[in-house]
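A.B. asks:
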Amino acid sequence: MEVYTPMSSKELSQRKIEEYKKMSQIIQWGRKNPVKFAEEFFGTKLIDYQAYCFMRTWIVQFALWAECRGAGKDTLAAVYYMTRLLLIPDYRVYISSNTYAQSVESFNKLRDIALKRIPSFKSATDIFAREVDKTGSNSETGFLQAPTCKFRLYNNSQLEALSSNLEAIRGKRGAVWLNETAWKTAEELAVVENYINVDTSFSTTTEKIRYYEPQQMPLQILYTSSVGDVTYPFFDKYKTFYKKMLVGNKNYFCFDVNAYDILYHSTIDGEPIKSHLTEDQIKKAIEEDPDNADVELFNKFRKGGGQNAVVTMDEIIRNSVTRRPLLYNDTGKKKFIFCYDPARNFDGSVLSIFQIINDKQVGYKLKLVNVVSMVDQNTKNKTPLPMPAQLDIIKDLMIKYNGERAAEWENIEFYIDAGSGGGGISAVADQLMEDWLDAFGKKHRGIIDPDHKQYETARMKYTNAMPIVHLVDPQGYKKIMYDALSKMVKLNLIEFTEYDDKDYILIENKDGGFDTVMLSDEEKLALVNINLAKTQLSYMCRYDTPNGGVQYELAKDKKKKNEHDDMAYTLAEGAYALALLRREDLLSEPKVTLNIKSITSLARKPSIRSIYQ
Numbered sequence: 011m012e013v014y015t016p017m018s019s020k021e022l023s024q025r026k027i028e029e030y031k032k033m034s035q036i037i038q039w040g041r042k043n044p045v046k047f048a049e050e051f052f053g054t055k056l057i058d059y060q061a062y063c064f065m066r067t068w069i070v071q072f073a074l075w076a077e078c079r080g081a082g083k084d085t086l087a088a089v090y091y092m093t094r095l096l097l098i099p100d101y102r103v104y105i106s107s108n109t110y111a112q113s114v115e116s117f118n119k120l121r122d123i124a125l126k127r128i129p130s131f132k133s134a135t136d137i138f139a140r141e142v143d144k145t146g147s148n149s150e151t152g153f154l155q156a157p158t159c160k161f162r163l164y165n166n167s168q169l170e171a172l173s174s175n176l177e178a179i180r181g182k183r184g185a186v187w188l189n190e191t192a193w194k195t196a197e198e199l200a201v202v203e204n205y206i207n208v209d210t211s212f213s214t215t216t217e218k219i220r221y222y223e224p225q226q227m228p229l230q231i232l233y234t235s236s237v238g239d240v241t242y243p244f245f246d247k248y249k250t251f252y253k254k255m256l257v258g259n260k261n262y263f264c265f266d267v268n269a270y271d272i273l274y275h276s277t278i279d280g281e282p283i284k285s286h287l288t289e290d291q292i293k294k295a296i297e298e299d300p301d302n303a304d305v306e307l308f309n310k311f312r313k314g315g316g317q318n319a320v321v322t323m324d325e326i327i328r329n330s331v332t333r334r335p336l337l338y339n340d341t342g343k344k345k346f347i348f349c350y351d352p353a354r355n356f357d358g359s360v361l362s363i364f365q366i367i368n369d370k371q372v373g374y375k376l377k378l379v380n381v382v383s384m385v386d387q388n389t390k391n392k393t394p395l396p397m398p399a400q401l402d403i404i405k406d407l408m409i410k411y412n413g414e415r416a417a418e419w420e421n422i423e424f425y426i427d428a429g430s431g432g433g434g435i436s437a438v439a440d441q442l443m444e445d446w447l448d449a450f451g452k453k454h455r456g457i458i459d460p461d462h463k464q465y466e467t468a469r470m471k472y473t474n475a476m477p478i479v480h481l482v483d484p485q486g487y488k489k490i491m492y493d494a495l496s497k498m499v500k501l502n503l504i505e506f507t508e509y510d511d512k513d514y515i516l517i518e519n520k521d522g523g524f525d526t527v528m529l530s531d532e533e534k535l536a537l538v539n540i541n542l543a544k545t546q547l548s549y550m551c552r553y554d555t556p557n558g559g560v561q562y563e564l565a566k567d568k569k570k571k572n573e574h575d576d577m578a579y580t581l582a583e584g585a586y587a588l589a590l591l592r593r594e595d596l597l598s599e600p601k602v603t604l605n606i607k608s609i610t611s612l613a614r615k616p617s618i619r620s621i622y623q
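In terms of this note's numbering, the sequence shown opens at residue 11 and continues consecutively.
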């Protein structure tokens, strides 16, 4: 057999040939030693568990990382793809997350490492940034931000952040980084997973002489996330990947690292180091929300309400938007609904605040803008504050949300649980009827329920009290409220917030890019409480009783752990208030009457003829 060696049509000098040879040797060495390559050329020193994960992922086509919050999966994935893009020509990578903002954040992590903006990488270099092609772009760095986040290297490798609009991202081809996969639905995964269904070594040519081309690197798909619910595909993929890796399938890799692994076993080059996670942080997370800590820190998949769920996690995610909470009435014209589930001893005491939106297309809808938990932080079991302290908080919030240059309480409707256990009537509503002075000595009108039978005589005495209170009896209205909650969420009429426990959020601007908005401590607390309310809501179930009735309560495994449902209950109060508002709006719409004159005026008058003509 004769091997034909084609000569280049372009003559190369000996020096150029030596440079190309040296470059090819470096690239081949980097492909064999990618961790060392990243360390030497990018200046990124990885922790040993990150280096192990990096190396095992490099050689497989299907990889999954189940990592706790704070493990640094975005940082590791950024370094991984910087290495892969630089060492493999014509390689295209797509980033897909639950929202476009999350995809942009992952993209920005890679960009910031390349531009030496990450303080923890003290020895980072700009070698990768120098390889970014800046020609034909309106960016000085080559990292395009709007309308699409993407960049291209001189070797024609590219990376792009995908939109969350499924119809707009179909039909692409390339490797995929699926980030925050725990809450992605099967449909969302199916659209993006098909990107890798192509043989990268396949090619055709019109030339008669056919050369043996080197085998191309196959397209890879990487799933990264903290864990989520067992009803989502990520759980099945976690099990499948782990089993295939366990039986020796070299094309699969599954990596699981939790908070204690990082806290007690962090090393660099085999030498123990101080972990970037602290024991105090972990203990605090466990004390505040043990169930959430199991999911976020210890990679224990949660079980939601299942088939009996009042509202599924899919519906909650679909109605969640990245935005700042609203801590006061910033215009003085916005309308709000307060939903309060009071407690003093055993249950939680929660106030949820909704903004009323009158949408031109769908009518009235709600935005959950704040959730306030009235917890005494000084108590061992985090019991509710004394009722006088809770009332002080409520009065302060009423002033803030009523707004400036507004009549007394014209922007607020107040729903209170009237159950005997929480003292909604005696401890709350009774105490709010009288006029009161705020911290600055300004007098404010009291508030009262205009319809409740308990206040038939009180309404004649407290004539100055504003009739904005609505006492809700849980025994008579619980089913109605949760039915309304299920319906309103399914109709996309209640909007929640999306938050990933960071000090900032990304908000889309008018140019299609994203602005980094730093959060205050109060805003972070509000967003955390809204997340807790969403979690509680996902645990609420609808059970049929033997006598043919319906019962709403926490999932049975959560009820055994004595977990609370107070936040979910306030969401149900809000949904009930919205249902009443929409019903009132529907009944008050002007009826379209039939105008007979307008019809007959358009008709041609009949001609009357005599029978004798």
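Ideal Cβ positions, reconstructed from N, Cα and C, are used throughout, including at glycine.
Small disclaimer: the values here were computed from a predicted structure and weren't measured.
Which one of L395, T54, A76 and A192 has the shortest CA to CA distance from L125?
C.D. replies: What you label residue 125 is simply residue 115 of the sequence shown in a count that begins at 1. For the residues L395, T54, A76 and A192, the minimum Cα distance to L125 belongs to T54.
A.B. asks: Quick check on M528: does DSSP put it in helix, strand or coil?
C.D. replies: Taking the first residue of the sequence shown as 1, we reach residue 528 at position 518. In the structure shown, the three-state DSSP call for M528 is strand.
A.B. asks: Checking 8 Å against the spacing of the C-beta atoms, do Y411 and F506 come in under that value?
C.D. replies: As a first step, residue 411 must be located in the sequence shown, where it is residue number 401. As a first step, residue 506 must be located in the sequence shown, where it is residue number 496. Between Y411 and F506, the C-beta spacing is not below 8 Å.
A.B. asks: Can you tell me whether G630 is buried or exposed? The criterion is at least 16 other CB atoms within 10 Å of its CB, across all chains shown.
C.D. replies: Only positions 11 to 623 of the chain appear in the structure, and residue 630 is not among them; the question remains open.
A.B. asks: Secondary structure at P477, three-state DSSP: helix, strand or coil?
C.D. replies: Walking along the sequence shown from the start, residue 477 turns up at place 467. Correct three-state label for P477: coil.
A.B. asks: For S133, I'd like the list of residues in its chain whose CB is within less than 6 Å of its CB, leaving aside the five on either flank, ordered along the chain.
C.D. replies: Numbered from 1 along the sequence shown, position 123 holds the residue referred to as residue 133. Hits under 6 Å: G53.
A.B. asks: Quick one: Cα of R334 to Cα of L535, how far?
C.D. replies: Sequence index remark: in the sequence shown, residue 334 carries index 324 (1-based). Sequence index remark: in the sequence shown, residue 535 carries index 525 (1-based). Roughly 11 Å separates the two Cα atoms.
A.B. asks: Label I606 either buried or exposed according to how many other C-beta atoms from any shown protein chain fall within 10 Å of its C-beta, with 16 as the threshold for buried.
C.D. replies: Position 596 of the sequence shown, counting from 1, holds the residue named residue 606. Low confidence applies here, because I606 scores a pLDDT of 45, under 50, leaving its location unreliable; read the following figure in that light. Per the 10 Å Cβ criterion, exposed.
A.B. asks: Around the C-beta of F450, are 16 or more other C-beta atoms found within 10 angstroms, so that it is buried, or is it exposed?
C.D. replies: Counted from its first residue, the sequence shown places residue 450 at position 440. When all chains shown are included, F450 counts as exposed.
A.B. asks: CB F131 to CB I137, shorter than 8 Å?
C.D. replies: Walking along the sequence shown from the start, residue 131 turns up at place 121. Walking along the sequence shown from the start, residue 137 turns up at place 127. Against a cut-off of 8 Å, the Cβ pair of I137 and F131 comes out as no contact.
A.B. asks: With C-beta atoms as the reference, is K119 less than 8 Å away from A88?
C.D. replies: One-based indexing of the sequence shown puts residue 119 at position 109. One-based indexing of the sequence shown puts residue 88 at position 78. Taking 8 Å as the Cβ cut-off, K119 and A88 qualify as a contacting pair.
A.B. asks: So, using beta-carbon positions, are G433 and M397 closer together than 8 Å?
C.D. replies: Here residue 433 refers to the residue found at position 423 of the sequence shown. Here residue 397 refers to the residue found at position 387 of the sequence shown. A contact, by the Cβ cut-off of 8 Å.
A.B. asks: Is T580 helix, strand or coil when you go by DSSP?
C.D. replies: By 1-based counting over the sequence shown, the position of residue 580 is 570. The answer is helix: DSSP assigns T580 an H, G or I state.
A.B. asks: Taking only the alpha-carbon atoms, compute the straight-line gap between Y586 and S496 and give it to the nearest angstrom.
C.D. replies: Mapped onto the sequence shown, residue 586 falls at position 576. Mapped onto the sequence shown, residue 496 falls at position 486. Between Y586 and S496, the C-alpha separation is close to 10 Å.
A.B. asks: Assign G40 to buried or exposed, taking buried as 16 or more other Cβ atoms, counted over all protein chains shown, within 10 Å of its Cβ.
C.D. replies: Counted from its first residue, the sequence shown places residue 40 at position 30. G40 counts as buried, since at least 16 other C-beta atoms from the protein chains shown sit within 10 angstroms of its C-beta.
A.B. asks: Any idea if Q464 is buried or exposed, counting beta-carbon neighbours within 10 angstroms, 16 or more meaning buried?
C.D. replies: To locate residue 464, count along the sequence shown from 1; it is residue 454. Answer is exposed; the Cβ neighbour count stays below 16.
A.B. asks: Quick check: the Cα distance between I517 and E217, rounded to an integer number of angstroms?
C.D. replies: Numbered from its first residue, the sequence shown carries residue 517 at position 507. Numbered from its first residue, the sequence shown carries residue 217 at position 207. When rounded, the distance between both Cα atoms is 52 Å.
A.B. asks: Could you give the DSSP three-state label for D266: helix, strand or coil?
C.D. replies: If you number the sequence shown from 1, residue 266 lands on position 256. It is a strand residue.
A.B. asks: Is L481 near A437, with beta carbons less than 8 Å apart?
C.D. replies: On the sequence shown, position 471 is the one that residue 481 refers to. On the sequence shown, position 427 is the one that residue 437 refers to. No, the Cβ-Cβ distance between L481 and A437 is not below 8 Å.
A.B. asks: Out of Q485, L188 and G258, which one is the CA nearest neighbour of T109?
C.D. replies: As a first step, residue 109 is located in the sequence shown; it is residue number 99 there, counting from the start. Closest option to T109, Cα to Cα, is L188.
A.B. asks: Pull up the distance between the alpha-carbon of S149 and that of Y90, whole angstroms please.
C.D. replies: Taking the first residue of the sequence shown as position 1, residue 149 is located at position 139. Taking the first residue of the sequence shown as position 1, residue 90 is located at position 80. Whole-angstrom Cα-Cα distance: 24 Å.
A.B. asks: Take A269 as the anchor and find which of F348, A76, Y222 and D459 has the nearest alpha-carbon.
C.D. replies: Counting from 1 along the sequence shown, the entry for residue 269 is found at position 259. It is A76.
A.B. asks: With the cut-off set at 8 Å, would you say S235 and E306 are in Cβ contact?
C.D. replies: Counting from 1 along the sequence shown, the entry for residue 235 is found at position 225. Counting from 1 along the sequence shown, the entry for residue 306 is found at position 296. No. Outside cutoff.
A.B. asks: For G238 and G522, what's the separation of their Cα atoms in angstroms?
C.D. replies: To locate residue 238, count along the sequence shown from 1; it is residue 228. To locate residue 522, count along the sequence shown from 1; it is residue 512. If I take the Cα positions, the gap works out to 30 Å.
A.B. asks: Just the Cα atoms here: how many angstroms apart are M528 and E423?
C.D. replies: In the sequence shown, residue 528 corresponds to position 518, counting from 1. In the sequence shown, residue 423 corresponds to position 413, counting from 1. Between the alpha carbons of M528 and E423 lies a gap of roughly 31 Å.
A.B. asks: Where does the unbroken alpha helix (DSSP H) through V89 begin, and where does it stop?
C.D. replies: By one-based count along the sequence shown, residue 89 stands at place 79. Counting along the chain, the alpha helix (DSSP H) containing V89 begins and ends at K83 to L97.
A.B. asks: What residue range does the beta strand (DSSP E) around A468 cover?
C.D. replies: What you label residue 468 is simply residue 458 of the sequence shown in a count that begins at 1. For A468, there is no enclosing beta strand (DSSP E); the enclosing alpha helix (DSSP H) has its first and last residue at A468 to K471.
A.B. asks: Have a look at L361, T67 and L564 and flag the residue whose alpha-carbon is nearest the alpha-carbon of Y233.
C.D. replies: By one-based count along the sequence shown, residue 233 stands at place 223. Comparing Cα positions, the closest option is T67.
A.B. asks: Spatial neighbours of D299 within its chain, please: C-beta separation below 7 Å, excluding the five flanking residues on both sides.
C.D. replies: Against the sequence shown, residue 299 aligns to sequence position 289. Taken in chain order, the residues that qualify are L542.
A.B. asks: What span of residues does the alpha helix (DSSP H) with P37 cover, start to end?
C.D. replies: Here residue 37 corresponds to residue number 27 of the sequence shown, with the count starting at 1. Before going further, note that residue 37 is Ile rather than Pro in the sequence given. Note, I37: alpha helix (DSSP H), Q24 to K42.
A.B. asks: Below 8 Å between beta carbons: does that hold for T277 and D58?
C.D. replies: For this step, residue 277 is matched to residue 267 along the sequence shown. For this step, residue 58 is matched to residue 48 along the sequence shown. Yes, these two residues count as a Cβ contact at 8 Å.
A.B. asks: Just to confirm the assignment, what range does the beta strand (DSSP E) spanning Y59 have?
C.D. replies: Sequence index remark: in the sequence shown, residue 59 carries index 49 (1-based). Element bounds for Y59: not the beta strand (DSSP E) but the alpha helix (DSSP H), D58 to W68.
A.B. asks: Please state whether DSSP places K375 in a helix, a strand or coil.
C.D. replies: Locating residue 375 in the sequence shown gives position 365, where the first residue counts as 1. Here K375 sits in strand by DSSP.
A.B. asks: Does I179 come out as helix, strand or coil in the three-state DSSP assignment?
C.D. replies: For this step, residue 179 is matched to residue 169 along the sequence shown. Of the three classes helix, strand and coil, the one that applies to I179 here is coil, per DSSP.
A.B. asks: Around the C-beta of L612, are 16 or more other C-beta atoms found within 10 angstroms, so that it is buried, or is it exposed?
C.D. replies: Here residue 612 corresponds to residue number 602 of the sequence shown, with the count starting at 1. Its pLDDT being 47, under 50, L612 is placed unreliably in this model, and the value from its coordinates should be taken loosely. Exposed is the call here.
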